[in-house]
Amino acid sequence: MRGNLETIVGAMFAGKTSELLKRILWAKHQNKKIIVIKPSIDNRYSEKKIITHNDLSHECYSMTNWKETLQDFQFKKELVDVLFLDEIQFMHTEETILNVEKILSSGIDVVCAGLDQDSRGKPWETSSMMLGLSDKIIKIYGFCNVCGVEATKTYRKEEGGQRTRVGAANIYEPRCLKHWEPR
Ligand SMILES: [Zn+2]
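Converting from the sequence shown to our numbering requires adding 31 to each position, the first position being numbered 1.
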């Protein structure tokens, strides 16, 4: 049977990694064999751990690219029950879709998490494609830093810079539509 693909998306500080971590702990509690991967670009806190903004963490494999990852792991149903991917927006679009489809075809479940939009409000390509491929989608929301209502956007507090700029609360914050502008 084909594996199930579940995708968790939302703005920054919505709690995506916490949702992923919750599923990691459930899977471990059921003695499932798991692999946790995040792209190595995400070095905010640690290369070898996924860490939530409230300091919960789990060990992970730091991915440079899929080629190396496929050399380091065998994605076979006998060896892996669930693959967890964090920060999917930073993974290569075509390669990620291709390999996740192969992994699902081998019967392994995949749970992934990532930003759906950048601070300009544009969709992240890999996240969009994964949403299109998903069996189950969970969109979670933060709270606007200005007024406290539900926030769907990530607001960049300083202008300019690269799209993939990785940063925590010093650069980005969750905002509602009223208090957000693309930048
Ligand atoms: Zn607001």
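Every residue gets a Cβ at the ideal spot worked out from N, C-alpha and C, and that includes glycine.
Does DSSP put residue i in a helix, a strand or coil?
| i | result |
| --- | --- |
| A45 | coil |
| I39 | strand |
| H210 | coil |
| V111 | coil |
| M94 | strand |
| V180 | coil |
| Q105 | coil |
| I66 | strand |
| I72 | coil |
| Q148 | strand |
Please classify residue i: is it buried, with 16 or more other beta-carbons within 10 angstroms of its beta-carbon, or exposed?
| i | result |
| --- | --- |
| C207 | buried |
| N130 | buried |
| D166 | exposed |
| C143 | buried |
| Q105 | exposed |
| M161 | buried |
| M122 | buried |
Return yes when at least one heavy atom of ligand 1 lies under 7 Å from the C-beta of residue i, else no.
| i | result |
| --- | --- |
| R214 | no |
| K188 | no |
| K209 | yes |
| C178 | yes |
| C91 | no |
| C143 | no |
| R206 | yes |
On a CA-only basis, which of the options is nearest residue i? Give me that one, please.
| i | options | result |
| --- | --- | --- |
| D140 | E109, E156, G41 and D147 | E109 |
| I81 | I128, G46 and F106 | G46 |
| E50 | H60, E37 and N176 | E37 |
| S150 | Y203, Q61 and H84 | Y203 |
| W215 | L87, G41 and I66 | For the chain, the structure presents residues 32 to 214; residue 215 sits outside this window and is missing. |
| E181 | E132, I134, V113 and Y172 | Y172 |
| R187 | K133, W57, M161 and G152 | G152 |
| E99 | S71, R54 and Q148 | S71 |
| L56 | L114, W97, L135 and M94 | L114 |
| I134 | W211, L116 and G179 | L116 |
| K53 | L87, E125 and H123 | L87 |
| S137 | M94, D112 and F44 | D112 |
| Y92 | N85, Q102 and H84 | Q102 |
| G145 | I39, N35, N96 and I65 | I39 |
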